[in-house]
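Chains as they are written, first to last, in the working numbering: chain E, 238 to 554; chain B, 238 to 554.
Number of protein chains: 2
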Amino acid sequence: MATLEDIAKVAHVSKMTVSRAINHPELVRDELKTSIFSAMHELNYRPNVAAKALVNNKTQVIKFFVLEDIDITEPYYMKLLVGIAEYLAKYQYSLQLMTDQHLDIGASDGYIITGMRDEDYDWIKRLELPVVLFGENRWRLDFVDTNNEMGTQMATRYALEQGYDRVVFIGIDVKEPFEYSRENGYIQVMQENQRMPEIHRFANHSHLAMDFIEATWSRITPNTCFICASDRLAFGIQKGILQMSPEIATDYGVIGFDGVFLDQVATPQLTTVEQPMYELGEACAELLLRKIKDNYYPLEERLLQPKLKIGGSTRKK
Amino acid sequence: MATLEDIAKVAHVSKMTVSRAINHPELVRDELKTSIFSAMHELNYRPNVAAKALVNNKTQVIKFFVLEDIDITEPYYMKLLVGIAEYLAKYQYSLQLMTDQHLDIGASDGYIITGMRDEDYDWIKRLELPVVLFGENRWRLDFVDTNNEMGTQMATRYALEQGYDRVVFIGIDVKEPFEYSRENGYIQVMQENQRMPEIHRFANHSHLAMDFIEATWSRITPNTCFICASDRLAFGIQKGILQMSPEIATDYGVIGFDGVFLDQVATPQLTTVEQPMYELGEACAELLLRKIKDNYYPLEERLLQPKLKIGGSTRKK
DNA sequence: AAGATTGCTGTTACCGCTAACAAGATTTAC
DNA sequence: GTAAATCTTGTTAGCGGTAACAGCAATCTT
């Protein structure tokens with residue numbers, strides 16, 4: 238593998254100049270830079286990450302904590318992870334994935350954390366390295382998330398546009414900021430349109446949503462659309478409705494939230510608010526690397542736009 | 238952060254002796270080792286991975302290639318990845334996740350590859366670092382996989398034990414070793430029991446399996462059990478049957494393969510051959526690290542035992 | 001008892017890179 | 001025209017480890 242020294246010889250400069258051409262190009266004459274870069278290309282130079290890490294007292298490693306139960310959230314995080322990992326790789330960072338914070342062996346340059354619960358705040362606030370959370374939070378910690386409010390706004394507006402008389406929100410029964418945001422988005426659009434909001438909440442399990450439909454079927458009038466806070470709930474709602482009436486696509490509507498795997502498994506496929514998981518991953522990584530580099534941390538909250546993905550669980554037109 | 242030098246001072250030896258106490262303890266007097274280890278404990282010593290990597294001409298990075306379409310396989314690989322990552326972290330290795338082999342920037346000490354297709358053999362054989370595949374293959378490359386044959390044997394035996402008259406195999410229409418193994422397991426048990434094997438194959442999409450049931454329903458006698466080569470197909474078979482007859486649990490049976498997410502989404506939950514994904518991940522990592530350390534590579538093929546997970550898609554007793 | 005062997009520890013040099021400083025050349029200031 | 005400022009490049013040292021070798025005492029050979 239070519240080293241700085243090798244490049245230096247070919248370009249007839251010292252290795253320090255080569256190093257500078259890479260890290261502080263403004264300090265090197267253009268003429269030299271040209272020959273240095275062509276030498277680098279010729280020798281297929283790849284910086285030695287370990288050497289760089291050693292001299293900078295860094296590790297070039299980022300830890301990604303998944304604090305939620307991985308069995309339940311499996312499909313959700315894979316794309317996020319890919320987004321994170323590919324962005325990091327571009328900047329010669331690699332990843333350690335942790336599902337249990339006590340296993341915290343070895344050093345890193347920063348943390349990306351998802352699935353944080355209230356009791357995690359204690360140890361997270363004590364971390365001495367830059368941290369980025371995936372998911373809104375009430376602790377004034379930097380985070381990246383989907384614009385949850387906008388997501389349910391889009392969903393609710395779409396339901397109204399399709400002419401559903403009654404638009405009901407099926408929420409997740411947790412006291413988390415993301416849930417409040419989703420409910421808010423729904424409520425806002427309902428109020429803008431002088432409609433009465435109607436919200437029901439369940440733990441995030443499809444069978445609870447399904448049971449709800451079956452238990453209250455007599456009171457569920459046709460031409461109702463359910464805006465759900467997750468695809469999991471939407472999946473249950475849809476199953477319940479199909480059990481009671483096969484005419485879902487025309488008489489009823491179901492809109493989910495997430496757009497990760499489950500929406501495609503459903504038949505018909507769910508109309509859903511799709512989170513840009515890959516881009517969210519990239520954004521987490523980008524924000525974290527910036528915090529590491531700048532060593533100065535104004536609070537940053539980044540919200541990415543979701544996309545309404547039309548499936549067969551709502552009527553067309 | 239404490240360094241070897243710090244330990245050395247406290248233990249009144251040279252840093253070389255400390256290094257030896259860690260890496261070649263047989264060359265150091267017990268007496269010194271005791272004081273060195275207690276100094277290490279006292280100062281909470283953690284080796285500097287970058288320094289070690291630099292001097293050993295290693296990177297302490299492993300690349301994990303997912304060559305299949307991540308959208309489709311999302312839930313499947315998450316647990317595998319966790320298994321890999323946590324094992325690697327224990328030995329101070331970190332991970333780079335690649336979903337596109339052309340993005341191959343930066344060095345590593347070895348590769349774990351999954352979803353390899355025939356056309357990938359070309360570049361994989363040219364890799365100069367140790368490689369472990371996840372998944373059986375015909376190329377004499379080291380691999381780790383579930384014991385696929387045993388999996389369908391278990392499933393087929395269970396179906397016969399439950400008294401199903403007719404046991405049909407629904408395969409994936411690909412010419413891959415894992416599929417042959419799964420079909421073989423089924424065929425073997427059928428022959429042991431003097432039954433005629435019956436195999437149908439489809440691309441791995443649930444709706445194809447569902448369509449098959451609907452199209453051939455008149456020829457599908459009650460008391461039939463379907464052994465499927467994936468949960469995806471099993472999911473489709475189940476949906477098809479439910480559409481035709483609500484009595485699946487007593488008249489029909491469906492057994493899937495994978496046990497990753499989809500089996501739990503189905504209603505009733507699928508009986509399935511569960512792959513030990515976490516352990517498979519650990520095994521991939523363990524095998525690869527061993528190959529890196531030993532620098533000598535006898536072909537190794539490691540098969541882990543699957544587990545039959547009983548759900549509601551087969552009858553009890 | 002002298003030389004050879006063994007067992008254990010220390011010294012040196014180096015892995016590839018970069019910050020800090022040194023130093024020469026050129027431009028600017030007055 | 002000379003001193004100071006600026007621009008550009010090179011030299012040195014060191015990040016935290018480890019291999020290779022040197023050195024010395026204790027033990028073994030014959």
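Using N, Cα and C, we set each Cβ at its ideal position, and we do this for glycine too.
Might you give, ordered along the chain, the residues of its own chain that have their beta carbon closer than 7 Å to the beta carbon of residue i, omitting 5 neighbours on each side?
i                 : result
Asp357 of chain E : Leu304
Asn421 of chain E : Glu386
Pro414 of chain B : Glu373, Asn374 and Arg375
Ala520 of chain B : Val381, Arg539 and Leu541
Glu537 of chain B : Asp379 and Leu524
Glu511 of chain E : Gly496, Pro543, Lys544 and Lys546
Ser251 of chain E : Ala245
Closer than 6 Å by C-beta to residue i: which residues in its own chain qualify, once you throw out the five before and the five after it? Chain order, please.
i                 : result
Thr240 of chain B : none
Arg394 of chain E : Val426
Gln501 of chain B : none
Arg419 of chain E : Asn385, Thr389 and Ala466
Lys553 of chain B : none
Gly320 of chain B : Tyr515, Gly518 and Glu519
Val247 of chain E : Ala276
Ile529 of chain E : Asp346, Gly347 and Pro367
Val292 of chain B : none
Val255 of chain B : Leu241, Ile244, Ala245 and Ile273
Pro459 of chain E : Asp488
Does the CB of residue i have a neighbour CB from chain B at under 8 Å?
i                 : result
Thr504 of chain E : yes
Ala290 of chain E : yes
Lys252 of chain E : no
Lys476 of chain E : yes
Leu216 of chain E : This structure does not reach residue 216 of chain E, given that chain E is present from 238 up to 554, and the question cannot be answered.
Thr271 of chain E : no
Closer than 8 Å, CB to CB, is residue i near chain E or not?
i                 : result
Leu470 of chain B : no
Gly343 of chain B : yes
Thr240 of chain B : no
Ala520 of chain B : no
Assign residue i to one of two classes, buried (16 or more other C-beta atoms within 10 Å of its C-beta) or exposed (fewer than that).
i                 : result
Asp382 of chain E : buried
Ala290 of chain E : buried
Tyr313 of chain B : buried
Ile342 of chain B : exposed
Gln480 of chain B : exposed
Ser331 of chain E : buried
Lys316 of chain E : buried
Val369 of chain E : buried
Met353 of chain B : buried
Glu398 of chain E : exposed
Glu435 of chain B : exposed
Glu429 of chain B : exposed
Asp531 of chain E : exposed
Gly400 of chain B : exposed
Ser455 of chain E : exposed
Lys300 of chain E : buried
Ala396 of chain B : buried
Interface residues of chain B around residue i at Cβ under 8 Å?
i                 : result
Gln333 of chain E : Ala322, Leu325, Ala326, Ser331 and Leu332
Thr296 of chain E : Val286 and Ala287
At 9 Å on the CB atoms, spell out the chain E contacts of residue i, in chain order.
i                 : result
Lys316 of chain B : Ile307, Asp308 and Glu311
Arg283 of chain B : Ile342, Gly343 and Ala344
Val510 of chain B : By Cβ distance, chain E contributes nothing, its closest Cβ being about 17 Å from Val510 of chain B, past 9 Å.
What residues from chain E crowd round residue i, counting only those whose CB sits closer than 7 Å?
i                 : result
Val319 of chain B : Ile307, Leu334 and Thr336
Excluding sequence positions up to five away, which residues of its chain have a Cβ less than 8 Å from the Cβ of residue i?
i                 : result
Ala344 of chain E : Thr296 and Val298
Val491 of chain B : Cys462, Phe463, Cys465, Ala471, Ile474, Gln475, Ile478, Ile485, Leu507, Thr508, Ser550 and Thr551
Note to self: Across the segment 440–455 of chain E and the segment 469–478 of chain E, are there enough close Cβ pairs to call them in contact, namely three or more that are closer than 8 Å?
What the structure shows: yes
Notebook entry, point to check: So does the segment 276–285 of chain B actually touch the segment 257–270 of chain E, counting three or more Cβ pairs closer than 8 Å?
Noted result: no
Margin query: Assess contact between the segment 515–529 of chain E and the segment 322–331 of chain E, defined as three or more Cβ pairs (one per stretch) separated by less than 8 Å. Is contact present?
Written below: yes
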